[in-house]
Amino acid sequence: MKIQLLLICLFFGAIRLQAQVQNYWQQKVDYTITVKLDDVKHTLSGFESFVYHNNSPQTLDFIYIHLWPNAYTSGKTALGKQLYESGDPVLTFGKDSIRGGIDSLHFQVNGQDAVLSFDAKNPDIAKLTLNQPLNPGESMTVTTPFHVKIPSGEVSRLGHVGQSYQITQWYPKPAVYDKNGWNQIPYLTQGEFYSEYGTFDVSITLPKNYVVGATGDLQTESEIAFMDSIQGKSFSERGLPKDFLGKKSFPKSDKEWKTIRFTQKDVHDFAWFADKRFLVLKGEVTLPHSKRKVTTWSLFTSANEKVWKRAPEYIRDATYYYSLWNGDYPYNQVTAVDGTISAGGGMEYPNVTVIGNTGSDIELEIVIVHEVGHNWFYGILGTNERVHGWMDEGMNTLNEMRYMATKYPENTYLSDQILNGRFHFDHLSHYDSGDLMYRVIGGVGEDQPIETHAAKFIDINYAGIMYQKTGLVFTYLKEYLGDSLFDQAMKTYYNEWSFKHPQPEDMRATLERVTQRDLSWLFVDLIQTTNHIDYKIAKVRSFGGKTAVTVKNAGQVDGPIEVSGFRDGQKVQTLWAENGSKKSEVMFDSEMDAVQINASGKAPEIVQSNNYWHREGLFGKIEKPQLQFLIGKNEVTRSNLFWSPALGGNAYDQFMLGIALHNFSIPSSRFQFLLAPMYSFGGKRISGIAEISRTFLPKNSLKLSRFGISLRSFKNDTLGTNDGYYVAVLPYWAAKIGNRTGGPVTQNIRLQTMYRLDVFRPKQRELLGGYIQYNFHFKKEDHQAGLEFRTDYAANPVNSDNFSRSSLAASYKYRYLKNKRSRWVELRLFAGNYWNFNMYNSGNTANYGYALSGSGGGQDVFVEDYFFGRSALSGIWSQQRLENMGGFRSTVGNGNSGYFGTTTSWMTTANFYLESPIGPKIFGLYADFGLFDEAFKSVPTQAWDLGLAIRLGTTFGIYFPVFQSDNITNSYATQNYAERIRFTLKLNLTNKPIDWLKLMP
Ligand SMILES: [Zn+2]
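The sequence shown maps to residues 934 to 1934 in the working numbering.
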């Protein structure tokens, strides 16, 4: 019965699989375009005709048309908004001359006028309503004239710099209609494309002395002769005037014009690049499988000649290796164009790629290889790049990593690019640098799934996850399967899906079928989630000349893992532990004295410190702990231990000098420690900080969870030389809430506990306490909103003193001035209440109350922040305040004049801040209003102030009051104006997770 059922399942399964392949369909669009370049007005005028073949099973009443040049019309387009949000408001506030667009459209379908209606939100998307429905199997001819104003090259991919032209995403183009329906998408810089396959027949008219690189095969005899005549010629041989990069000088345009024609089949886009200054190198590559010869073209300006002279080699090798590993290049030519327009990077189009400015040979080689490689992963395998960006960028990165490892097996020169090879980052390969990037991002819980919509990736993940992590996980698959099976699978994918639109499930089906393996650990865990790989050695047993290793899956991915055995430091044997959800065992043929999981580093495991076992040695590490300076790469087989001098200072310890010992490394370890004892010259004792923490990267709900305990002791008053210091022990739990899928919201929670001893002469004060704090932050376009909820509790264990309080602070920031200087207006509301307050010493009212001007050193009960004069009641150091609690920007008189400005009952305040609309951003205007319950008063007290400020980010600010309510004015001991100036200095010592992300270039 069971077997029968299984057979039936298999039978239907097979039918379904076959049905899927059989039912696949795609539309086809065959273009004929004539276009003329006006290089004085920087415009294109053209006429387009395309035959649209409806191969879908549905009848179409309309088709979506992309008019992507319209993305450049204003700052209100999807492109304009994306650039604006990424800090480049060029379309919003740039001059009119930098904008572009497409107009003069007049659509006809089969010779009859048809209605074009623009998308309400996106001027680069339009709907063409058909006069007659287009039935399955039918074709129609669509025609329109068009006129394009070419935008400035500084905006995005389509553009010109002077008379250098990058003509891309430039003509009216139907959106893809596939099994998921219409895929109409606005043009974006971060986020690529999806287009229908078909044929192109494009005729370009322009002054005769332009050199053009384009998609397709050149058909014009005279132009073929022209290209052959200039190829290999130097600048002077060409008789070109001297030209330098940045000078934007161009030779005069020829009075005579030419029309050149390119044709190509089985491509989904057409781009062309024209520049009168291009030098040309022609080359050739023989394809590895068919032995067919393909022509290569390198087009570059003389400014970049030095690095570009080797370009033909890079194009040749890229074409060769991509063909070798994936399948032969199916077209006749490959062109790489030096695009002096964009700064760095490159962009792919069928047959032709544009390369940005690069400084070094190796950088240029990597970019050319990457962009040429897109002919396979984008050009031939036409995936939906906007939604599944990894299918082109990531698969391409895999091949790019493999190319570098194959061509340069001893490759270490990338180390020069990361911190100049210092801090033990030498011997990094191209693969290693991608691996490091992913592990640093993953280690701080900021990674997003590989399968994330291109526009939803945060900046660092677009590169670190979509490109790099995909390259890593497919390298991992390749190592596991072995090159020959992996290549067989990729070639099958190429053969089955070339010139088609494979979806992730199609790729998975092909790879699983060829390899006969369940690859859900890859296609589900590693691609669709942020689940982390982590394997560890559970047990090593040697018997009868063999070594058995039990490998435990301590992570969230049930994949295979490589286990290697070593003898006398030499790798003897490598085995793979198969898909273990818990434990699995591998058996080495001989006795090993060391065992390492993932010794090749090809499984992207964030934490690798549990990967090594050695017969002898402390902590199972083969190399003795070695003390290194400052910081370094996190080594698997070595205990990471670093040192640096430690310096410090405050009003009482005065100068402090010591040493910091820690294991902070890149990527960070889960267990971290820091020991920083310093000699206090003011206290004549040891001050300093010690901290240990353990980080967890849970699968759900939390991005990162960290338990830690820190110890700090500093002098905090001036009463004596040997006392007046505090010792605080601070165990905590901190977490980033969320599921790593991105979005505009971030949330943090912190549970802090404390034991604090303040040593005064002659008595001691102890305090036990804790708080829980929740922060919510929302950020979108011009809006930022925040919420902070916090409850504190503290008690003196010696007597019955205690207090508990809760507060809620809401803040809202709006970018009221939107120009390159971007100015914000801020509003903050605070409400705090004491549930109880019993303190023996009335002086505690000032220290343990909510402070109108934010906490100074006295109110920093949990010693969270840096105060130069922690217990200062007068003088400049008493005017250092944090922007918390009441948040007033001017100080309120301290100690001497009673306790005005603090409450142990309740307080509500409103704080307003306006960044100056004129002059530098550091100037601003503030106003505060507060209502609070002052001790011994029968009615609530009101206070307000208004003044001018200078702020440097959120770290430092100085506030000069202009008007204050009388009660504030009267609270100062003297009428000295300087006393009223408040400053903020926020160094954020404790609440910042120790992350080294910022150290990355
Ligand atoms: Zn790319």
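No residue lacks a Cβ here, since even glycine has one placed at the ideal position from N, Cα and C.
Here the structure is a predicted model, which is why all the values come from computation and not from measurement.
Could you tell me the boundaries of the alpha helix (DSSP H) in which residue i lies?
i: residue 1422; result: 1416-1430
i: residue 1244; result: 1244-1259
i: residue 972; result: Counting along the chain, residue 972 falls outside any alpha helix (DSSP H), and DSSP gives it neither H nor E.
i: residue 1366; result: 1363-1376
i: residue 1015; result: 1011-1018
i: residue 1442; result: 1437-1448
i: residue 1026; result: 1023-1026
i: residue 1241; result: 1238-1241
Following the continuous beta strand (DSSP E) through residue i, name the residue where it begins and the one where it ends.
i: residue 1152; result: Element bounds for residue 1152: n/a, residue is neither H nor E.
i: residue 1073; result: 1072-1082
i: residue 1564; result: Careful: residue 1564 lies outside any beta strand (DSSP E) and carries neither H nor E.
i: residue 912; result: For residue 912 there is no data in the structure shown, the boundaries of the chain being 934 and 1934.
i: residue 1126; result: First-last for residue 1126: undefined, no H or E at that position.
i: residue 994; result: 993-999
i: residue 1051; result: 1048-1051
i: residue 1284; result: Counting along the chain, residue 1284 falls outside any beta strand (DSSP E), and DSSP gives it neither H nor E.
i: residue 1269; result: 1266-1271
i: residue 1885; result: 1874-1885
i: residue 1262; result: Note, residue 1262: premise wrong, no beta strand (DSSP E); not H, not E.
Please classify residue i as buried or exposed, where buried requires at least 16 other C-beta atoms within 10 Å of its C-beta.
i: residue 941; result: Below a pLDDT of 50, predicted positions are generally treated as unreliable, and residue 941, at 40, falls in that range; the measurement from the model is reported next regardless. With fewer than 16 other Cβ atoms within 10 Å, it is exposed.
i: residue 1869; result: exposed
i: residue 1255; result: buried
i: residue 1853; result: exposed
i: residue 1154; result: exposed
i: residue 999; result: buried
i: residue 1536; result: buried
i: residue 1779; result: buried
i: residue 1190; result: exposed
i: residue 1251; result: buried
i: residue 1399; result: buried
i: residue 1818; result: buried
i: residue 1298; result: buried
i: residue 875; result: Any answer about residue 875 is impossible in this case: the structure gives the chain only from 934 up to 1934.
i: residue 1910; result: exposed
i: residue 1474; result: exposed
i: residue 1056; result: buried
i: residue 1225; result: exposed
i: residue 1039; result: exposed
i: residue 1321; result: buried
i: residue 1365; result: buried
i: residue 1935; result: The structure shown does not extend to residue 1935, since the chain is modelled only from 934 to 1934, so the question has no answer here.
i: residue 1102; result: buried
i: residue 1773; result: exposed
i: residue 1501; result: exposed
Self-check item: Residue ranges of each beta strand (DSSP E) within the stretch 1683-1753, 3 or longer
Solution: 1697-1713, 1716-1728 and 1735-1750
Quiz item: Considering only residues of the stretch 1470-1551, which uninterrupted beta strand (DSSP E) runs meet the minimum length of 3 residues and lie entirely inside it, listed in chain order?
Solution: 1479-1486, 1494-1500, 1503-1510, 1516-1521, 1527-1530 and 1545-1547
Practice problem: Could you tell me which uninterrupted alpha helix (DSSP H) segments, each at least 4 residues in length, are contained entirely in the stretch 1887-1911, listed from first to last along the chain? | Solution: 1899-1902
Self-check item: alpha helix (DSSP H) runs wholly inside the stretch 1149-1229, at least 4 long, in chain order
Solution: 1154-1163
Practice problem: Just list the alpha helix (DSSP H) runs in the stretch 1294-1330, keeping only unbroken ones of 4 residues or longer that don't cross its boundaries, in chain order. | Solution: 1294-1306
Self-check item: At least 3 beta-carbon pairs within less than 8 Å: the stretch 1749-1761 vs the stretch 1830-1849
Solution: yes
Practice problem: Please determine if the stretch 1528-1535 and the stretch 1448-1462 are in contact, where contact requires at least 3 C-beta pairs separated by less than 8 Å. | Solution: no
Quiz prompt | Touch test, the stretch 1011-1024 against the stretch 1087-1097, Cβ-Cβ under 8 Å, three pairs minimum | solution = yes
Practice problem: Run through the stretch 1581-1628 for me and flag every whole beta strand (DSSP E) of 3 or more residues, listed as ranges in chain order. | Solution: 1587-1595 and 1604-1613
Exercise. Could you say if the stretch 1575-1592 and the stretch 1603-1623 meet the contact criterion of at least three C-beta pairs nearer than 8 Å?
Key: yes
Exercise. Please go through the stretch 1789-1860 and give each complete beta strand (DSSP E) segment of 3 or more residues, from N-terminal end onward.
Key: 1839-1848
Self-check item: the stretch 1670-1690 touching the stretch 1368-1382, judged by at least three CB pairs closer than 8 Å
Solution: yes
Exercise. Specify whether the stretch 1391-1398 and the stretch 1414-1434 touch according to this definition: at least 3 beta carbon pairs, one from each stretch, less than 8 Å apart.
Key: no
Quiz item: Counting pairs of Cβ atoms below 8 Å between the stretch 1797-1811 and the stretch 1569-1586, do you hit three or more?
Solution: yes
Quiz item: So does the stretch 1703-1713 actually touch the stretch 1485-1502, counting three or more Cβ pairs closer than 8 Å?
Solution: no
Self-check item: the stretch 1432-1442 touching the stretch 1402-1419, judged by at least three CB pairs closer than 8 Å
Solution: no
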